Amino acid sequence: MTLRLVLIEDHQALREGLELLLGREGCDVVGTAGTAAEGQQLVEELAPDVSLVDIRLGEDDGIDLTRRLLIGDPERRIVLYTGSSDEDLLFSGLDSGARGYALKDGSPRELVEALGLVAEGGSYVDPRLRPALLSRRSTERLPSLSNREREILDLLAQGLTGEQVAQELVLSAETVKTHIRNAMSKLEAHTRVHAIAIALREGYISPPDDAGVTTRD
Amino acid sequence: MTDRANELSKLRHDLRTPLTVVIGFAEIMAGDRPLSDDDRRDYAERVLSAAIEIRELIDSNRLG
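Protein chains in written order, with the numbering used here: chain L, 1 to 217; chain Z, 218 to 281.
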């Protein structure tokens, strides 16, 4: 199925370029906007499968826009897009509820992969950000995860779906969901990928061997 | 972070945006999929325009 996408990017040349590049990769770019206000209106009107939101939108802030869009409908799928690998920005982006975080360093194909994963209900963090996830030092004391919760987050970080995790561990899908919910609550994470990011940062789990941190529900 | 470090961090971000245009279209032009002459010209103009923007950013006094 063709991916219906709204693209919100203030840099005109990149916006037009991405529309062309993503179109060539098979996406249906149903709307583009250069400001947060226009973008919000488009997403509300067009209900795309996924929205790509630049973090720096001129005077506007793509992370604030993401928060507003998710207050309106928490099920909206949003990938934040940025040229910055700043780790505070990364965690602020993940805190906003965005399900994807892609860097402008990536190729159009990588971006399409990220958009596809998020549109399907999964999550994505650019693999180039793994060092930032791992080097983050936190002074807060986080409650310990159980061995089972670690095991499940570890499998999710390797790209398994919730259902595949259940099969792998011979558990019911509902039990796996409960463990994930409990782990997210302990880690104060808003999404699965946020929980994985924190678990990696705190050393509860090891990074996967290849690709980015990706999860599918 | 100092003001200068902040400015450099912002500049790095500003450079990546047009650089994404350069790399994206250059990859298409270097790829195997056939392109019409019009598309090739259009993409080359986009690369050129983004490259000029990068040069202007580098020449700006923000690095001085």
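Note that beta-carbon positions come from the ideal geometry of N, C-alpha and C, so glycine has one too. Since the model is a prediction, treat every value here as computed from it, not as a measurement.
Under a 10 Å Cβ-count criterion, A37(L) is classified as exposed, with fewer than 16 other Cβ atoms of the shown protein chains found around its own Cβ. Under the three-pair Cβ rule at 8 Å, the stretch 91–110 of chain L counts as touching the stretch 234–252 of chain Z. Here I269(Z) is exposed: its Cβ has fewer than 16 other Cβ atoms, across all protein chains shown, within 10 Å. Here A197(L) is buried: its Cβ has 16 or more other Cβ atoms, across all protein chains shown, within 10 Å. The beta carbons of V165(L) and L156(L) sit closer together than 9 Å. In this structure, L57(L) places its C-beta atom within 9 Å of the C-beta atom of L65(L). Contacts with chain Z at 9 Å (Cβ-Cβ) include D105(L). For a Cβ distance threshold of 8 Å, nothing in chain L lies close to R258(Z): the least Cβ distance comes to about 14 Å.
If you look at Y81(L), you'll find it in the beta strand (DSSP E) that goes 78–82. Between R99(L) and R128(L), the C-beta gap is not smaller than 9 Å, which leaves the two residues out of contact.
Neighbours of S84(L) across chain Z, judged by C-beta separation under 9 Å: S226, K227, R229, H230, R233. When rounded, the separation of the alpha-carbon atoms in D88(L) and I55(L) is 13 Å. Distances from the CA of R263(Z) to each of R250(Z), T234(Z), S277(Z) were compared; the closest alpha carbon is that of T234(Z). For the 9 Å CB-CB criterion, L187(L) and L115(L) do not form a contact. One thing to note: V79(L) has its Cβ within 9 Å of the Cβ of V53(L). An exposed status is given to A261(Z), since fewer than 16 other beta-carbon atoms sit within 10 Å of its beta-carbon. DSSP places R4(L) inside the beta strand (DSSP E), whose first and last residues are 4–8. Under the Cβ distance rule, A13(L) counts among the residues neighbouring chain Z, one pair being separated by less than 9 Å. Minimum Cα-Cα distance from E149(L) among the listed residues D126(L), N182(L), T161(L) corresponds to N182(L). Looking from the CA of H194(L), the closest CA among F91(L), E120(L), A119(L), G162(L) belongs to F91(L). Taking the beta carbon of E244(Z) as reference, the chain L residues within 8 Å of it are S107, P108, listed in sequence order.
Here R56(L) is bridged, per DSSP, to D61(L). Residues I271, L274, I275 of the same chain have their beta carbon placed closer than 8 Å to that of L232(Z), with the five preceding and five following residues left out of the count.
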